[in-house]
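Read through the structure below, which is laid out as structure tokens, and then see the notes.
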Amino acid sequence: MTRHFSPLTIAIVVAIAAVGLVALPQVLPSYYLGLVVKALIFALFAMSLDLLIGYAGMASLGHAAYFGLAAYSAGLLAQKLEWNFWLAVPVTLAITGTTALLFGFLALRTRGSYFLMITLALSQLIWGMAVGWRSLTGGTDGLPNLPRPDLMQFVSLNNEVTFYYFVLIVVTVAGFFIFQIAASPFGYVLRGIRESETRMLALGYDVKRYRLSIFVISALFAGLAGILYMYFNRFVSPEFLHVERSAEVLLMVVLGGAGTLVGPIVGAAAIIGLENLASAFTERWLMILGAVYVMVALFAPKGLIGAVKSLVRRKEQP
Amino acid sequence: MNFWILQILNGISFGMLLFLLASGLSLIFGLLKILNLTHGSFYLFGGYIGLTIFSKTGSFVLAVISASLIVALIGVVIERVLLRPLHLRELPQVLLTFGLLLIFADLAMLAWGGNPQTVPRPDFLRSSIQIGPLVYPSYRLFIIGFGLVIAALLWWFQDGTKLGAMVRAGVDNEEIARALGINVSLLFSIVFGIGAFLAAMGGILGGPIVGVYPGADFEVLLLGFVVVIIGGLGSLRGALFGGLLVGLLDNFGKVFFPELALFTIFAPMVLVLALRPAGLFGRGA
Amino acid sequence: MTAFSAQSVSKHFGGVRAVTDVSLSVERGERHLIIGPNGAGKTTLFNILSGAVPASSGRTSFFGKDITTLTANQRALLGIARTFQITNLFSELTVIENVILALQPPKATQLALFTRMLGDKTLLRGALELLDHWELGDIAHHPVSTISYGQKRQIDLILAMARTPSILLLDEPMAGLSAAEVVRVSSMIRRLPGDMTVMMIEHDMDVALELAERITVMNQGKVIAQGDVASVRAMDEVAAIYLGAEDDA
């Protein structure tokens with residue numbers, strides 16, 4: 002991807018985006034600022050899935066399991082045990098990572114559509130537990146009035162602007178790590194596995210182990226996004242875990258362009274913007290979303306970034 | 058003792074509905090290699106359309122047959138127009154079938170509203186039958202019997218007919234089947250149609266037992282997947298065994314552990330995944 | 064010293080017996096050719112030797128050590144490398160990225176999450192040197208999907224050789240090449256280190272026989288002749304198969 006654009010172009014774009022994002026609270030009313038927070042959180046969620054789909058080549062329909070599980074864990078630890086942020090988050094990530102390890106071990110013996118189906122079933126069952134275990138999770142009503150983290154003396158995350166900067170920082174740092182992993186030798190091994198598993202085995206790579214590693218890593222980032230979303234809403238419900246959430250983030254990755262990391266960011270912003278716009282105009286916004294899925298499947302499987310890439314490539318060949 | 062027999066029969070009758078759904082899912086995956094998420098919509102629409110026809114005409118039999126045919130037709134159109142261009146491309150197929158699932162769910166909301174509806178039992182199946190000391194609804198017994206008949210029919214189709222042999226050839230190796238002169242394109246549409254037909258039939262037949270309501274599509278789809286994971290994709294035997302097992306587990310789970318009902322299904326599924334990833338009767342993942 | 068040996072190796076898929084009771088042993092540094100008509104089981108044998116497919120029965124040994132239960136990647140780490148009959152490269156990556164993947168240490172890379180792939184100067188230099196050595200330096204930054212078929216076969220070979228394996232299994236390295244490309248690839252094979260043991264499946268008889276020291280002839284999953292080039296060429300059974308095969312070819 003970066004082969005097509007000069008380092009200078011990239012640097013300029015990033016700089017403009019950075020300035021824009023930092024200055025945003027000064028210009029945007031709080032409702033729209035909230036939308037940007039949501040877009041940032043889902044951008045992180047989508048990037049985490051892209052590591053799995055775009056880089057390792059494993060399409061999953063169960064990524065919301067980690068998003069939701071982390072949200073519930075962090076929420077419950079804060080509400081029921083009154084743990085503070087610095088303790089609750091690492092423990093939550095440990096729980097999420099362990100679950101991903103277990104699920105990965107179960108699902109990774111399969112490929113393709115089998116793998117899709119199994120990730121779906123495993124995550125829907127966690128959803129079912131969230132709905133059924135009313136005494137712990139509040140059932141379909143979820144858990145309301147969850148506290149935002151108490152970071153330090155003078156910083157109150159209950160202020161929407163402060164919260165925006167908090168999310169911006171966390172997502173930027175996490176995003177930086179995701180980009181780094183993708184560009185690392187480990188990341189290239191994943192791409193090699195996606196292109197030809199047999200070749201990677203013949204070169205000595207323990208493909209199973211690499212797959213399991215990225216499955217867990219990607220789940221951890223998804224969990225981080227889930228925690229942020231819970232703080233954002235001060236609320237968690239089974240919707241965080243439902244297949245509709247897993248499918249939605251999948252759509253964001255494909256619409257933006259799998260395997261590019263930038264694509265999912267664009268895709269997340271696009272879908273959140275679309276959902277917001279559509280629900281303002283009509284009650285039938287679910288149908289519109291469904292139509293977007295169908296359109297992307299039929300006409301834009303390489304996503305928006307893919308379309309940009311082919312345009313650039315066409316320009317390069319006179 | 059009666060209690061147990063009652064619960065077992067309840068589980069088996071529900072399991073038959075799951076078998077109807079899962080057999081279609083399994084057939085479609087086996088031949089077309091498609092994970093059909095829209096299958097839940099076929100079930101849902103079978104129920105809703107069937108209910109409408111039943112209430113308008115008073116004939117349950119007509120409702121079952123015509124609703125299933127209508128949904129089968131919709132299925133064939135979807136397969137030919139939308140899924141055919143995406144042949145063997147999993148990710149676009151997933152997005153497409155999920156998008157359709159959403160569209161159909163919203164259409165159902167629009168057409169039939171958000172309230173759960175019950176389908177009344179047909180007059181000829183309203184009674185309860187005495188079996189020894191036990192009194193049991195004849196409708197549920199009918200479902201069990203009907204399910205077995207369908208299973209037998211599908212078996213005969215698969216193993217005893219020329220069409221079934223062609224399907225088996227196509228499942229094994231599509232290219233060779235084509236080279237042998239089998240009209241794979243027609244076969245795809247027929248099988249997809251049959252799958253949709255079975256799902257819709259499950260939806261309307263299940264109406265008197267579980268009702269027809271928004272969200273049934275997702276619920277039944279999930280259970281269908283669990284059946285297929287346990288039983289094995291592409292196996293009729295697996296769909297029947299898995300369906301009955303999940304039906305029983307679901308029933309007993311709801312009776313004994315209502316808060317963690319899904320966990321009783323979770324545990325065996327995890328066990329199967331750990332020990333036999335291809336499913337109990339499956340043929341390789 | 065026996066570098067590699069197979070003892071009574073068999074493989075069946077369902078009812079099909081692809082390989083039946085095959086034994087062979089290869090000395091260190093030997094150039095061993097495996098020939099036979101299509102469907103003789105040659106590639107299946109390679110798959111068993113490289114660990115891509117488990118044998119139904121029989122044993123495989125590497126310098127005296129029994130490796131029958133080792134997986135493909137474990138065997139690769141021991142020093143057994145292979146090429147593929149159908150070109151098997153990482154098409155969306157560039158040539159040099161392909162080579163680096165072949166050069167870097169597979170185990171250590173599991174933890175290499177925080178460095179940059181193209182940042183390791185030693186690896187980068189090593190990869191470029193390797194490409195220059197085989198006169199492919201100018202396509203280093205081209206995506207593999209854009210290079211010619213002949214160049215792909217050469218890269219296939221380079222990937223297998225990158226970490227100087229002790230045993231190299233070449234599966235029809237000349238398949239589909241033009242005459243000029245055959246010359247290039249056979250010269251590459253000729254320039255392989257003398258202490259590297261090379262086993263090769265090939266159909267192009269003239270070239271293959273020039274490179275080989277010993278031959279195993281297979282037909283219908285079984286070994287029908289084995290020995291040095293001259294004596295095997297003289298055998299009636301071998302001529303029979305190849306006269307028959309020539310009619311088909």
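Protein chains in written order, with the numbering used here: chain A, 2 to 319; chain B, 58 to 342; chain C, 64 to 312. Glycine is no exception: its CB is placed at the ideal position from the N, C-alpha and C atoms.
Burial state of A288 (chain C) (16 or more Cβ within 10 Å): Taking the first residue of the third sequence as position 1, residue 288 (chain C) is located at position 225. Burial call: buried.
Where D299 (chain C) falls, given that 16 or more other Cβ within 10 Å makes a residue buried: On the third sequence, position 236 is the one that residue 299 (chain C) refers to. Its Cβ having fewer than 16 others within 10 Å, D299 (chain C) is exposed.
Same chain, Cβ closer than 6 Å to L74 (chain B), neighbours up to 5 away in sequence not counted: Counting from one through the second sequence, the residue named residue 74 (chain B) turns up at place 17. Correct list, in chain order: G259, G263.
Where A308 (chain C) sits in the DSSP three-state scheme: Numbered from 1 along the third sequence, position 245 holds the residue referred to as residue 308 (chain C). With a pLDDT of 48 at A308 (chain C), under the threshold of 50, the modelled position of this residue cannot be trusted, and the question is left open.
Cβ of T93 (chain A) within 9 Å of any chain C Cβ: Position 92 of the first sequence, counted from the start, is the residue given in the question as residue 93 (chain A). Taking Cβ atoms only, chain C never reaches closer than 9 Å to T93 (chain A), which makes this a no.
Touching by the beta-carbon criterion (3+ pairs, under 8 Å), the segment 78–95 of chain B and the segment 238–257 of chain B: yes
Best match in C:L222, C:D258, C:F177 for proximity to L199 (chain C) [C-alpha to C-alpha]: Along the third sequence, read from residue 1 onward, the residue named residue 199 (chain C) stands at position 136. Nearest of C:L222, C:D258, C:F177 to L199 (chain C), Cα basis: C:L222.
Contacting residues, own chain, Cβ-Cβ under 8 Å from P325 (chain B) (five flanking each side not counted): Mapped onto the second sequence, residue 325 (chain B) falls at position 268. So the list reads I287, L302, L306, once near-sequence residues are dropped.
According to DSSP, residues forming a beta bridge with Y270 (chain B): Against the second sequence, residue 270 (chain B) aligns to sequence position 213. BP columns for Y270 (chain B) are empty, so no partner.
Under 9 Å from the C-beta of M262 (chain C): neighbouring residues of chain A: What you label residue 262 (chain C) is simply residue 199 of the third sequence in a count that begins at 1. In chain order: nothing, as chain A lies at least about 14 Å away.
Three-state secondary structure (DSSP) of S184 (chain B): Along the second sequence, read from residue 1 onward, the residue named residue 184 (chain B) stands at position 127. Three-state result, S184 (chain B): coil.
Beta carbon of G156 (chain B) nearer than 9 Å to that of A292 (chain A): One-based indexing of the second sequence puts residue 156 (chain B) at position 99. One-based indexing of the first sequence puts residue 292 (chain A) at position 291. Yes, they are a contact pair.
is_contact[E249 (chain A), chain C] using C-beta, thresh 9 Å: Locating residue 249 (chain A) in the first sequence gives position 248, counting from the first residue. Cβ-Cβ to chain C under 9 Å: no for E249 (chain A).
Boundaries of the alpha helix (DSSP H) in which L220 (chain B) is found, first to last residue: Position 163 of the second sequence, counted from the start, is the residue given in the question as residue 220 (chain B). L220 (chain B) -> alpha helix (DSSP H) spans 219–229.
Any 3 or more C-beta pairs closer than 8 Å across the segment 22–30 of chain A and the segment 138–151 of chain A: no
Contact check, G339 (chain B) vs S292 (chain B), beta carbons under 9 Å: One-based indexing of the second sequence puts residue 339 (chain B) at position 282. One-based indexing of the second sequence puts residue 292 (chain B) at position 235. Against a cut-off of 9 Å, the Cβ pair of S292 (chain B) and G339 (chain B) comes out as a contact.
Option nearest L167 (chain B) by Cα separation, candidates A:L287, A:V309, A:P302: For the purposes of this step, residue 167 (chain B) is identified with residue 110 of the second sequence, where counting begins at 1. Among A:L287, A:V309, A:P302, the Cα nearest to that of L167 (chain B) belongs to A:L287.
Continuous alpha helix (DSSP H) stretch holding G136 (chain C): start and end: Counting from 1 along the third sequence, the entry for residue 136 (chain C) is found at position 73. Correcting the residue type first, residue 136 (chain C) is Asn in the shown sequence and not Gly. Per DSSP, N136 (chain C) belongs to the alpha helix (DSSP H) from 135–141.
Neighbourhood of I322 (chain B) by C-beta distance below 7 Å, restricted to the same chain and skipping five residues each side: For the purposes of this step, residue 322 (chain B) is taken as residue 265 along the second sequence, with counting starting at 1. Around I322 (chain B): V283, V303, L306, D307, G310.
Where K303 (chain A) falls: helix, strand or coil (DSSP): As a working note, residue 303 (chain A) is residue 302 in the first sequence. Note: K303 (chain A) maps to coil in three-state DSSP.
Rounded separation between I98 (chain C) and Q283 (chain C) - CA only: Here the question's residue 98 (chain C) lines up with position 35 in the third sequence. Here the question's residue 283 (chain C) lines up with position 220 in the third sequence. Their backbone Cα atoms lie some 12 Å apart in a straight line.
Listed by chain order, chain C residues near F187 (chain A) by CB distance under 8 Å: Taking the first residue of the first sequence as 1, we reach residue 187 (chain A) at position 186. The answer, in chain order, is T172, Q173, L174, A175, L176.
Counted within 10 angstroms of its Cβ, other Cβ atoms place A12 (chain A) as buried (16 or more) or exposed: On the first sequence, position 11 is the one that residue 12 (chain A) refers to. Answer is exposed; the Cβ neighbour count stays below 16.
9 Å Cβ cutoff, V238 (chain A) in contact with chain C: In the first sequence, the residue the question calls residue 238 (chain A) occupies position 237. The residue asked about is misnamed: residue 238 (chain A) is Ser in this sequence, not Val. By this cut-off, S238 (chain A) is not an interface position.
Any C-beta of chain C under 9 Å from that of G205 (chain A): As a position in the first sequence, residue 205 (chain A) is number 204, starting the count at 1. Chain C contact via Cβ: present.
Close beta carbons around F180 (chain A), own chain, < 7 Å, minus the five adjacent residues each side: In the first sequence, residue 180 (chain A) corresponds to position 179, counting from 1. Here the set comprises L262.
Members of the segment 144–160 of chain C that neighbour chain A once the beta carbon cut-off is set at 8 Å: A144, R145, F147, N151, L152, F153, S154, E155, L156, E160
Proximal residues of chain A, C-beta to C-beta of F26 (chain B) below 7 Å: Nothing about residue 26 (chain B) can be reported from this structure: the residues present for chain B run from 58 to 342 only.
Where Q80 (chain A) falls: helix, strand or coil (DSSP): Against the first sequence, residue 80 (chain A) aligns to sequence position 79. In the structure shown, Q80 (chain A) sits in a helix (DSSP, three-state: H, G or I).
Euclidean distance between Cα positions of V224 (chain B) and G87 (chain B): What you label residue 224 (chain B) is simply residue 167 of the second sequence in a count that begins at 1. What you label residue 87 (chain B) is simply residue 30 of the second sequence in a count that begins at 1. Approximately 9 Å between the Cα atoms of the pair.
Counted within 10 angstroms of its Cβ, other Cβ atoms place L332 (chain B) as buried (16 or more) or exposed: Reading the second sequence from its first residue, position 275 is the one you call residue 332 (chain B). So L332 (chain B) counts as exposed.
9 Å Cβ cutoff met for F68 (chain A) and Y230 (chain A): Translated into the one-based positions of the first sequence, residue 68 (chain A) becomes position 67. Translated into the one-based positions of the first sequence, residue 230 (chain A) becomes position 229. It is a contact, given that the beta carbons lie within the stated cut-off.
Within chain C, partners of T261 (chain A) - CB distance below 9 Å: Residue numbering aside, residue 261 (chain A) sits at position 260 when the first sequence is read from its first letter. Under the 9 Å cutoff, chain C gives no residues; its nearest Cβ is about 12 Å from T261 (chain A).
Cβ pair I218 (chain A), A72 (chain A) closer than 9 Å: Within the first sequence, residue 218 (chain A) is the residue found at index 217, counting from 1. Within the first sequence, residue 72 (chain A) is the residue found at index 71, counting from 1. Against a cut-off of 9 Å, the Cβ pair of A72 (chain A) and I218 (chain A) comes out as no contact.
Limits of the unbroken alpha helix (DSSP H) element including E160 (chain C): Walking along the third sequence from the start, residue 160 (chain C) turns up at place 97. Note, E160 (chain C): alpha helix (DSSP H), 158–166.
Sequence-distant residues of the same chain with beta carbon closer than 6 Å to R235 (chain A), five excluded per side: Position 234 of the first sequence, counted from the start, is the residue given in the question as residue 235 (chain A). The residues are L147.
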